[in-house]
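Read through the structure below, which is laid out as structure tokens, and then see the notes.
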Amino acid sequence: MNTLTTINELGFAAALQQEMLEDTTSDHALLEATRTGDQDAFAELVSRYRNQITSYIYRMTNDYDGAVDLAQETFVRVYRAADRYQRSYAFSTYIYRIATNLAISELRKRKRRKLVSLTGFFQQNDGAEAQELNPPDARPLQDSELVDTERRNAVQRAISTLPEKYRAPLILRDVDGRSYDEIARILETSEGTVKSRISRARGFLREKMRAYL
Amino acid sequence: MRKNNCEVIRQELDELMLSETGSARVVEHLRECAACREFNEKQTRLRQIVGSLGTVSAPPDFDFRLRARLANDGGGATFHFWPIARRGLAFAAVLLVFVMGALVVRSVFNRPQENKQVAATDQHNNTPAPPTVAPTREPTFARPMAESSPERRPQIVRNERLSRIKRPLVAEDFSNERAPVYNGREPAGTFEVMPLDSSLQSFKVSLDDGRGNARTISVPSISFGSQRMLQPVNQYASKRDW
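Read top to bottom, the protein sequences are chains A and B.
Just so you know, the working numbering puts 162 at position 162 of the first sequence, and the rest follows in order with no gaps.
Just so you know, the working numbering puts 174 at position 174 of the second sequence, and the rest follows in order with no gaps.
Structure, rendered in structure tokens:
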């Protein structure tokens, strides 16, 4: 009996220690530490999210250098607003929301600038952003890796032609694998709207990717 | 009915994660409906392709660049003064424009008043004196002189302006007072010679427009020596008094 109590106590202590360890390394705790001037805590946050955010913005904008710049801007904003951060949402929701807003702003800026090449005129005028003409190669490829690469490029191009309101939920769901609830919180809209937009986005993609399906 | 059922099944399929299997109803429907089966296959394939995009890595110097950017932003805090200063300058410019505008408007409104003043002065000089009545008190020469003096001009002008802007007038009106009457029957030497004040002190009239703006008109002392009073020549007086 005495031994069992000791084992139970040991187990409880280990669980408590584990919980405390998790708490000190949670995103919230790291941001709290950043607020108090702990640069290492912020570096840890950056190392956790830099790839995810860069990748997400890259899928949104289809421009790697621009995506890196915007990802950095995202972290700068997180750092500056650390004092105003509220723990009502998960940190990932918070940082993805900032990244989404930046990416959408960039897409709108581009639309205003109308930085498209002459070959962009050959695109369908369906309200989507004009892109370089790059039709799928119909010839059979020998190497399956090349086939996959070509398919991925095609789908990336197809995604970048989607209207921005469909693009973000589709990427968050099908590329990042996030739940509808989380996507709704990131995009600050209802779950029903998210589901409907994702369904529409897939419909658009099916049309554009018909040759690959 | 079947079409509606297909739509419901497809919606349910759409909401599933790739790794998830649908409900028994969905599985059964897929077994029976070829169109939905084809839809599911294409949809799954599309989602696999999209999911295969994976994560793009950030460049190796990401942290370094981020640190540099944060350091620059921190160092650039002094530049935050400029937007505030710019806003202040803009406000001052707007204020200046308003003040200038007010001055211009004021000068425009004042200009016709000067013309009116001249006109009013001329009119006043041609206006006949009011009929005289019997004196009720000792004549004072300062008031009639002040009444007929051209130095009353500013008050007239101000009266006009004040009546135009409908403000209460604070002034003394002499028109209702009886003027002294001289009928020549006074003992000799009483009023034959009217002494005029020839002291060195100047004659001063102070006017107030009712808004606290006072104006003092100073008339230098004038000496006429002595003046002989003529026989009744007051042409403006009522005939029945004579």
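The C-beta atom is built at its ideal place from N, Cα and C for all residues, glycine as well.
For residue 149 of chain A, the uninterrupted alpha helix (DSSP H) run begins and ends at 144-160, by DSSP. Against chain A, a Cβ distance below 9 Å from residue 53 of chain B picks out 55, 59, 152, 155, 156, 159, 171, 174 and 175. With a beta-carbon spacing of about 5 Å, residue 87 of chain A and residue 28 of chain A fall inside the 8 Å limit used to define contacts. A Cβ-Cβ distance of about 6 Å is found for the pair residue 204 of chain A and residue 162 of chain A, placing them in contact under the 8 Å criterion. Beta-bridge annotation (DSSP): residue 208 of chain B is paired with B/214. By the Cβ criterion, the stretch 93-101 of chain A is in contact with the stretch 47-62 of chain A, since at least three pairs of Cβ atoms, one from each stretch, lie closer than 8 Å. Per DSSP, the continuous alpha helix (DSSP H) segment holding residue 101 of chain A begins and ends at 91-113. Just measuring C-alpha positions, the residue of A/191, A/48, A/196 and A/60 sitting nearest residue 63 of chain B is A/48.
Between residue 23 of chain B and chain A, the shortest Cβ-Cβ separation is not below 8 Å. Taking each of B/212, B/46, B/14 and B/34 in turn and checking the Cα distance to residue 209 of chain A, the smallest one comes out for B/46. Per DSSP, reduced to three states, the secondary structure at residue 58 of chain A is helical. At a Cβ-Cβ threshold of 8 Å, residue 153 of chain A and residue 57 of chain B do not count as neighbours. By the beta-carbon neighbour count (other beta carbons within 10 angstroms, threshold 16), residue 42 of chain A is buried. Excluding sequence positions up to five before and after residue 213 of chain A, its CB lies within less than 8 Å of the CB of 206, all in the same chain and listed in chain order.
Within chain A, no residue has its CB atom less than 9 Å from the CB of residue 107 of chain B, the nearest being about 47 Å off. In the three-state DSSP reduction, residue 85 of chain A falls in the coil class, being neither helix nor strand. Within chain A, the residues placing a beta-carbon under 9 Å from that of residue 46 of chain B are 155, 174, 202, 205, 206, 209, 212 and 213, ordered along the chain.
Counted as a single uninterrupted DSSP element, the alpha helix (DSSP H) harbouring residue 181 of chain A occupies residues 180-187. In this structure, the beta-carbon distance from residue 202 of chain A to residue 43 of chain B falls below 8 Å. Cβ atoms of residue 74 of chain A and residue 106 of chain A stay farther apart than 8 Å, at about 12 Å. In this structure, A/168 is the residue among A/176, A/168, A/177 and A/175 with its C-alpha nearest to the C-alpha of residue 193 of chain A. Interface flag for residue 86 of chain A against chain B is unset, since no Cβ pair is found closer than 8 Å. For residue 175 of chain A, no alpha helix (DSSP H) run applies, since DSSP gives it neither H nor E.
In the three-state reduction of the DSSP assignment, residue 107 of chain B falls in the helix class, which pools H, G and I.
Interface flag for residue 20 of chain B against chain A is unset, since no Cβ pair is found closer than 8 Å. Residue-level contact check: residue 9 of chain B does not touch chain A, since none of the beta carbons of chain A fall below 8 Å from its beta carbon. Residue 151 of chain A counts as buried, since no fewer than 16 other beta carbons sit within 10 angstroms of its beta carbon.
Put simply, the CB of residue 97 of chain A is far from chain B, with every gap to its CB atoms at 8 Å or more. The C-beta distance from residue 91 of chain A to residue 31 of chain A rounds to 6 Å, short enough to fall under 8 Å. Legend: CB atoms of the stretch 60-81 of chain A lying less than 8 Å from CB atoms of chain B belong to residues 64, 67, 68, 71, 72, 75, 76, 79 and 80. The DSSP-derived three-state label of residue 34 of chain B is helix. Using a Cβ distance threshold of 8 Å, residue 185 of chain A and residue 89 of chain A count as a contacting pair. Distance from the CA of residue 148 of chain A to the CA of residue 26 of chain B, rounded to the nearest whole angstrom, comes to 30 Å. By the Cβ neighbour-count rule, residue 34 of chain B is exposed, with fewer than 16 other Cβ atoms within 10 Å of its own. For the set B/15, B/59, B/11 and B/8, the Cα lying nearest the Cα of residue 177 of chain A is the one of B/15.
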